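> I'd like to ask you about the structure that follows.
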Amino acid sequence: MNCFWNSRLSLLNSRTVKRKLFVRSYATESGSHQFPKEGFGAPIWRRTLGVVIFGLIWYQADQYFTKKGEKHPVTKWIETLMIPESEYKRRNLAHLYLSVEAAKDKVLFGEAKPPPIYRLKDPDQFERASPHCIEPGLEVDLTDLVVRKD
1 MNCFWNSRLS
11 LLNSRTVKRK
21 LFVRSYATES
31 GSHQFPKEGF
41 GAPIWRRTLG
51 VVIFGLIWYQ
61 ADQYFTKKGE
71 KHPVTKWIET
81 LMIPESEYKR
91 RNLAHLYLSV
101 EAAKDKVLFG
111 EAKPPPIYRL
121 KDPDQFERAS
131 PHCIEPGLEV
141 DLTDLVVRKD
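Residues 1 to 150 in the UniProt record's numbering are what the sequence shown spells out, letter by letter.
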């Protein structure tokens, strides 16, 4: 165990490891890249100043338009793009009418039942008549008749 720690300490004491561990290097010294000069002339500050000035101008114009008592020009423009209220009422009434018709159809089809099936008690009734008393054209072909016995 003592040998293990001695080898570690000797590694730390060597000159090559000391140089690599304790030498400082700075990004500005190692590369040829020049950083831009910092100040308030950066694009972010110019844009921020432009947005603030635009906001102040907009606020003053908004105050001017609202003091007149008229509608704001933006409100007028939005109202020109809107659909009139009468059109919405017409659409709602048409939708209501179609919804009522659909509900009636749903009730109608929901209450529908298949027609009842009448079962014959005695399927031999088809063959009881005399074959001699049948007038021409009244005879029915019953060769494909299949009687269900459910």
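Heads up, the beta-carbon is just placed ideally off N, CA and C, and yes, glycines get one too. Remember, predicted model here, so these are calculated numbers, not experimental data.
From the DSSP output, in three-state form, read off Pro73 for me.
Within the sequence shown, residue 73 is the residue found at index 73, counting from 1. In this structure, Pro73 counts as helix in the three-state DSSP scheme.
> When the Cα atoms are used, what is the spatial distance from Phe54 to Leu96?
To locate residue 54, count along the sequence shown from 1; it is residue 54. To locate residue 96, count along the sequence shown from 1; it is residue 96. Looking at the two C-alpha atoms, the distance is approximately 48 Å.
> Run through DSSP, which three-state label would Val100 get?
Locating residue 100 in the sequence shown gives position 100, counting from the first residue. Three-state result, Val100: helix.
> Need the endpoints of the alpha helix (DSSP H) that Thr48 sits in, please.
Along the sequence shown, one-based indexing puts residue 48 at 48. Start and end: 43-67.
> Taking C-beta to C-beta, are Leu120 and Val147 nearer than 9 Å?
As a first step, residue 120 is located in the sequence shown; it is residue number 120 there, counting from the start. As a first step, residue 147 is located in the sequence shown; it is residue number 147 there, counting from the start. Yes, they are a contact pair.
> Just to confirm, is the Cβ distance from Thr80 to His72 under 9 Å?
What you label residue 80 is simply residue 80 of the sequence shown in a count that begins at 1. What you label residue 72 is simply residue 72 of the sequence shown in a count that begins at 1. Taking a C-beta distance under 9 Å as the contact criterion, Thr80 and His72 do not qualify as a contact pair.
> Mapping the DSSP letters down to three states, classify Glu87 as helix, strand or coil.
For the purposes of this step, residue 87 is taken as the residue at position 87 of the sequence shown. Three-state DSSP puts Glu87 in a helix.
> So the candidates are His132, Ile117, Leu145; which of them puts its Cα closest to the Cα of Asp124?
Taking the sequence shown and counting its residues from 1, the one referred to as residue 124 is at position 124. Ranking His132, Ile117, Leu145 by Cα distance to Asp124 puts Leu145 first.
> According to the Cβ coordinates, are Phe126 and Leu138 closer than 9 Å?
For the purposes of this step, residue 126 is identified with residue 126 of the sequence shown, where counting begins at 1. For the purposes of this step, residue 138 is identified with residue 138 of the sequence shown, where counting begins at 1. The answer is no: Cβ separation not under 9 Å.
> Going by DSSP in three states, Phe40 sits in which element: helix, strand or coil?
Along the sequence shown, one-based indexing puts residue 40 at 40. Note: Phe40 maps to coil in three-state DSSP.
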